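The next block holds one structure in the form of structure tokens; read it before the comments.
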Amino acid sequence: MEIKWYIFLSLVLFCIGIIGALTRRNSIIVFMCIELMLNSVNLLLVAFSKMHLTPVNAFGPAMATSAQIFVFFIMIVAAAEVSVGLAIIVMLYRNTRSIDINFLNRLKN
Amino acid sequence: MEITHILFWFLSALAIAGAIGVIASKNPIYSVLCLVIVFFAISGHYILMNAQFLAIVNIIVYAGAIMVLFLFVIMLMNLNAETEPVKNIYMKMAGVISGLTLMIVLVAALAHSENANVVMRAGTSIGLTESLGKALFNNYVVPFEISSVLFLSAMIGAILIGKKDSATEIK
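Here the protein sequences come in this chain order: R and A. Under the numbering used here, read the first sequence as residues 38 to 146, first letter to last. Under the numbering used here, read the second sequence as residues 949 to 1119, first letter to last.
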């Protein structure tokens, strides 16, 4: 299978995520669209890890292994981000009784 | 047509349909369920690319933990009614058009690339748990430990943010 189909699939998923983040006002759905974009990038990294299998170089293991380790770390950061972001959304809902994303500018008070 | 190609197209169609369902459904609960479908389709892609460790981690972390967190928040706030305010139709059109434009530009830029037709290697063992575990605990030990500190700070931050309001109300 050529690499381009995975590139196109990731692009389509990423752009659907962008469209969702631009058009929806529910902040939870905007957040889920960001997760969708992160996942499309993960898919692309894993696809690229199968593209060239370079030998072990001076920086450590083969680059293909590094790509999959990076995906693992992206998942770690996404999990941490989700916990903090959902806490912010819950706080927003408690203060304003709404999760409209336009009310997020009240956070500065 | 080989079986892997059929599986690829099936999983791609599933992922794209689920992604459209995420942004198109009015009810947030349906959005979460569509996103779970997308994550399972992406895990299927990982298995197809012989990255079994990431497939399992993707299911456990994303579909298992993160989506349950989203569902908890939605159900705790009782948001399954359609309470979303309507956005201006012109703003929606502008968002859709800009997203589609970005997609067209990127596809057109990458479609004629030289490396786009490189055939992916099949049957490699880099995605198995053994090789990834060796790389993770030999060469990436320090980032792994730092990520535990990140989790600790995220946990403390979430507790502080979630707790602040109730503490002031009691006072």
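All C-beta atoms in this analysis are idealised placements derived from N, C-alpha and C, irrespective of residue type, glycine included. The structure displayed is predicted, hence computed values, not measured ones.
Distance CB(residue i)-CB(residue j) smaller than 8 Å
i, j, result
"residue 1066 of chain A", "residue 40 of chain R", "yes"
"residue 1075 of chain A", "residue 999 of chain A", "yes"
"residue 83 of chain R", "residue 994 of chain A", "yes"
"residue 104 of chain R", "residue 1102 of chain A", "no"
"residue 128 of chain R", "residue 1109 of chain A", "yes"
"residue 141 of chain R", "residue 64 of chain R", "yes"
"residue 1025 of chain A", "residue 130 of chain R", "yes"
Whole-angstrom C-beta distance between residue j and residue i, which should lie under 8 Å
i, j, result
"residue 970 of chain A", "residue 69 of chain R", "6 Å"
"residue 55 of chain R", "residue 79 of chain R", "16 Å between Cβ atoms; not a contact."
"residue 50 of chain R", "residue 1055 of chain A", "About 13 Å; that fails the 8 Å criterion."
"residue 1002 of chain A", "residue 956 of chain A", "About 17 Å separates the two Cβ atoms, so there is no contact after all."
"residue 1004 of chain A", "residue 976 of chain A", "About 27 Å separates the two Cβ atoms, so there is no contact after all."
"residue 44 of chain R", "residue 57 of chain R", "Residue 44 of chain R to residue 57 of chain R, Cβ: 21 Å. No contact."
"residue 1084 of chain A", "residue 71 of chain R", "That pair is no contact at about 26 Å."
"residue 154 of chain R", "residue 62 of chain R", "The displayed coordinates of chain R run from 38 to 146. Any statement about residue 154 of chain R would go beyond what the structure contains."
"residue 982 of chain A", "residue 973 of chain A", "7 Å"
Residue closest to residue i, alpha-carbon to alpha-carbon, out of the options
i, options, result
"residue 123 of chain R", "A:1048, A:1017, A:1038 and A:1045", "A:1017"
"residue 38 of chain R", "A:1095, A:1068, A:1052 and A:1049", "A:1068"
"residue 1080 of chain A", "R:88, R:58, R:87 and R:109", "R:109"
"residue 965 of chain A", "A:997, A:1084, A:1015 and A:979", "A:979"
"residue 1008 of chain A", "A:1019, A:956 and A:987", "A:987"
"residue 102 of chain R", "R:63, R:87, R:45 and R:46", "R:87"
"residue 1053 of chain A", "R:125, R:126 and R:52", "R:52"
"residue 1091 of chain A", "R:114, R:65 and R:133", "R:114"
"residue 1111 of chain A", "R:125, R:106 and R:61", "R:125"
"residue 120 of chain R", "A:973, A:1015 and A:1041", "A:1015"
"residue 1039 of chain A", "R:46, R:60 and R:42", "R:60"
"residue 953 of chain A", "A:1059, A:1064 and A:1070", "A:1070"
"residue 1012 of chain A", "A:1036, A:1087 and A:984", "A:984"
"residue 961 of chain A", "A:989, A:950 and A:1087", "A:989"
"residue 1047 of chain A", "A:968, A:1104 and A:1060", "A:968"
Distance cut-off 7 Å: residue i Cβ against heavy atoms of the ligand GTP
i, result
"residue 1022 of chain A", "Within the structure as shown, the ligand GTP is missing, as the structure has no ligands at all."
Pick out the complete alpha helix (DSSP H) segments inside the segment 998 to 1065 of chain A, 4 residues or longer, and give them in chain order. 1000 to 1005, 1015 to 1024 and 1037 to 1059
Going along the chain, which residues of the segment 95 to 121 of chain R sit with their C-beta nearer than 9 Å to a C-beta in chain A? 96, 97, 98, 99, 101, 102, 103, 104, 105, 106, 108, 109, 110, 112, 113, 114, 115, 116, 117, 118, 119, 120 and 121
Interfacial residues, the segment 969 to 987 of chain A to chain R, with Cβ spacing under 8 Å: Identification of residues in the segment 969 to 987 of chain A having a C-beta nearer than 8 Å to some C-beta of chain R yields 970, 971, 976, 979, 980, 983, 986 and 987, given in sequence order.
Within 9 Å of chain R by C-beta, residues of the segment 1065 to 1082 of chain A in sequence order: 1065, 1066, 1067, 1068, 1069, 1070, 1072, 1074, 1075, 1079, 1080 and 1082
Residues of the segment 987 to 1001 of chain A with a CB closer than 9 Å to any CB of chain R: list them in chain order, please. Flagged, chain order: 987, 990, 993, 994, 996, 997, 998, 999 and 1001.
Tell me which residues of the segment 41 to 55 of chain R have at least one Cβ-Cβ distance to chain A shorter than 9 Å, keeping chain order. 41, 42, 43, 44, 45, 46, 48, 49, 50, 51, 52, 53, 54 and 55
With a floor of 4 residues, list each alpha helix (DSSP H) that falls wholly inside the segment 40 to 86 of chain R, ordered by position along the chain. 40 to 60 and 64 to 86
Interface positions of the segment 55 to 74 of chain R facing chain A (Cβ-Cβ less than 9 Å), listed along the chain: 55, 56, 57, 58, 59, 60, 61, 62, 63, 65, 66, 68, 69, 70, 72 and 73
Output, in sequence order along the chain, the residues in the segment 79 to 90 of chain R whose CB is closer than 8 Å to any CB in chain A. Listed by position, the residues of the segment 79 to 90 of chain R near chain A (Cβ gap below 8 Å) are 79, 80, 83, 84, 86, 87, 88, 89 and 90.
Any alpha helix (DSSP H) of 4 or more consecutive residues that is wholly inside the segment 1081 to 1113 of chain A: none
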